[in-house]
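Protein chains in written order, with my numbering: chain U, -5 to 242; chain B, 17 to 345.
Yeah, the Cβ is synthetic: ideal placement off N, Cα and C, and Gly gets one too.
Working notes, beginning with the structure itself.
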C-alpha cells in the first residue's frame, strides 16, 4: 500500500545546526503518529518542511507519490495536508465563527461576496465544526476574549476544514492544564475522526503519546532515534536517555 | 453572527442625500461634491487598509482617472458626466490591475513607500510631458448629463453634486457588502495573519491585489469628479500632498465603518472651508489641531464612535450565558 506521506533523505541545516539529517519516514493512511523529541530535535522543522513553510536542503517529500518538496504552504494545503500550530494562529479580532468561515471559504475556488452566514451554507458549516469541538457557545465571541485551550481547539478546527489527507498537529495539548489535557485530546480525536484519517501530532507529554498514538517516532538532533509502537519506543534506552528523560 | 444589510434603507439614504442638494445653498453644493469625491478615494484607501496595507500614492490612480477622462473628452468631445466617471474608474482600475499584483507581495512601510514612489514617478512624467500641458496641465469643457447641457451654474453644480453623491453612495453600499462578505472577512484575516491565510489555501496576495484594484477604481472615478468640478487638470493630481490628504480622511474615518468615511470627508472640508474663511492666515493650524484632536480622542477614527459601542453591546450580550455554561475563561 502506498503511504500517504513518504519522506526520503530529507535534509535541513540552519548554519551549523542540523535540523534534519537524512530523514526517511513513511506514514501510511489511518495511523495516529506522534513525533517526540527534546526541544531542537527537529520535530517542528519536519512539520514546517512537510507543509511547505521551509524548503528542504535535500531529499524528497512525496504525498500520494507526488513530490511536494518545493510547494508553497498554500499549494500543500490544497493538495491535502493541513496543520495546527503550537501557538494558535488565529485572527484574533474576528469571532470564532468568522475564523472558521474564513477557513471554509478558502476551500472553494471562489470566495463569495455574500455574508459568511449566507454563502452556500458556509456559515452553518463553520458553526457546525465548532459544535463538533464543543465550542458552539463561543461562535460569536471574538477570539481575543477566549482562553488558550479554546483557541487551540479553534486552531485545530480550522486545519480540519479541508478534510485533509494528513493532519499535522503541533503540540495540541500545550498550554492546556493537566486536568484538562485528556478531555481536550479526547475532543480533538473525536472531532477529527470523521474528516482526517491520518494524524501526526508533535507532543511532549508521554501520557498523551502512550494513550493516543498508534506509532511513535522519536527525534534527536535531526535524526530518527526510534520508530515503532509506543510501548516499545518509550522503553527504548536511547529514547529514555535523550528524549523522555526517564519518564515511564 | 448574521448582520443585516438593510439595502433598501441605504438606497433610500442615497436618494435622500441626492434630493437634499435641492435645498442646499449653492456654495455648499460644490463643497459637498468635493467631499463626496474625496470620500470615494478615501473609501478605496479604507478598503485596502483592511488588508493591513496603506497606500500613500493613491494620487497615481486619481491622476490616471482624471487625465484619462480629460484626454478622451478633448479628443472625442465626450462630455457626459456618467460616461466620464466610468472612463475614470476604468483608467484607474486598469492601472491598478497592472500594479496591484506586482506590489501585493510587499507589506507595511515598503508597500506604502512603493505606492508613493510610483505616484511621484507618474507626477514627474506628467510635469515633463509637453503633450499633456506639462506643469500647467490643460482645461476641459463643462460636463453634460445624458445629452442635457447645463448653462445655469446652480443647475450644473446640482447635476455634478447629484452624480457624485449617487456614485459615491453606491460605492459605499458596494463597500458595505464587501466588508460583510466572505471576501471582506478574508481581507481582515490577511491583515491579522497572512501566513495562516496561506495555510488555509487562500492566496493572501490575490486578496490584496483585488482590494488594490477596487481602491484604484474608486480613485480613478474620484479623479473624474475632481476634473469635472475644476474643469482643469494638472500634475498636482498625482503629487504626494494630494495622496496625503486622502490618507488623512481615511485615518480620520478609521476602517470600521463606510459611513464614517463620508462623515470624515465632509467634516474635513467644512473645517478647511470655515477656517480658511475666518482665519485665512492660520487655517492650516486649525486643520492640524482638528486632526490632532481626532487622533488623540478617537484613535480608532470617527467610525469608532458608533462601531465601538455596538461591538461592546454585542459582547456583553453574549458573555452572560457563556459564563453560566462555563465555556468562557
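- prompt: I think residue 181/B touches residue 34/B, with their Cβ atoms under 8 angstroms apart; what is that distance to the nearest whole Å?
  reply: 5 angstroms
task: Kindly indicate if chain U contains any beta-carbon less than 8 angstroms away from that of residue 261/B.
output: no
- prompt: Going straight from the alpha carbon of residue 0/U to that of residue 238/B, what length do you get?
  reply: 55 angstroms
- request: Leaving aside the five residues before and after residue 2/U along the sequence, list all residues of the same chain whose C-beta is less than 6 angstroms from its C-beta, in chain order.
  value: 18, 53 and 54
- prompt: residue 21/U and residue -3/U: beta carbons closer than 8 angstroms?
  reply: yes
query: Where do the ends of the alpha helix (DSSP H) carrying residue 215/B lie?
result: 210 to 215
- prompt: DSSP on residue 153/U, reduced to helix/strand/coil?
  reply: helix
message: Can you confirm whether residue 95/U, when its beta carbon is compared against all beta carbons of chain B, has any partner nearer than 8 angstroms?
response: yes
query: Where does residue 231/U land, buried or exposed, given buried means 16+ other C-beta within 10 angstroms?
result: exposed
query: Closest by CA to residue 45/U, which one among 201/U, 224/U, 61/U and 130/U?
result: 61/U
Simplified DSSP state of residue 92/U, which is helix, strand or coil: helix
- prompt: Do the CB positions of residue 76/U and residue 153/U come within less than 8 angstroms of each other?
  reply: yes
query: Do residue 155/B and residue 22/B have their CB atoms nearer than 8 angstroms?
result: no
field: Per DSSP, the bridge partner or partners of residue 11/B
entry: Only positions 17 to 345 of chain B appear in this structure, which leaves residue 11/B out of reach.
Three-state secondary structure (DSSP) of residue 292/B: helix
query: In its own chain, which residues sit with a C-beta less than 8 angstroms from the C-beta of residue 295/B, not counting the 5 before and 5 after it?
result: 301 and 302
task: Quick one: grab the DSSP three-state call for residue 84/B.
output: helix
message: Run through the DSSP bridge pairs and tell me what residue 52/U is partnered with.
response: 5/U
query: With which residues is residue 227/B paired in a DSSP beta bridge?
result: Its beta-bridge partners do not exist; DSSP assigns none.
task: Report the rounded CA-to-CA distance for residue 141/U versus residue 195/U, giving the unit in angstroms.
output: 22 angstroms
field: Contact with chain U by residue 336/B, beta-carbon distance below 8 angstroms
entry: Confidence at residue 336/B is low in this model, with a pLDDT of 41, below 50, so the placement of that residue is unreliable and no value is reported for it.
task: Go ahead and pull the three-state DSSP assignment for residue 279/B.
output: helix
query: Does the region 88 to 105 of chain U touch the region 122 to 136 of chain U, meaning 3 or more C-beta pairs lie closer than 8 angstroms?
result: yes
- prompt: Counting only beta-carbon atoms, is residue 238/B nearer than 8 angstroms to chain U?
  reply: no
task: Going by DSSP, name the residue or residues bridged to residue 108/B.
output: None, per the DSSP bridge assignment.
query: What separation, rounded to the nearest whole angstrom, lies between the Cα atoms of residue 240/B and residue 185/U?
result: 55 angstroms
message: Here's a check: name, in chain order, each residue in its chain whose Cβ is nearer than 6 angstroms to the Cβ of residue 97/U, leaving out the five neighbours to either side.
response: 152 and 155
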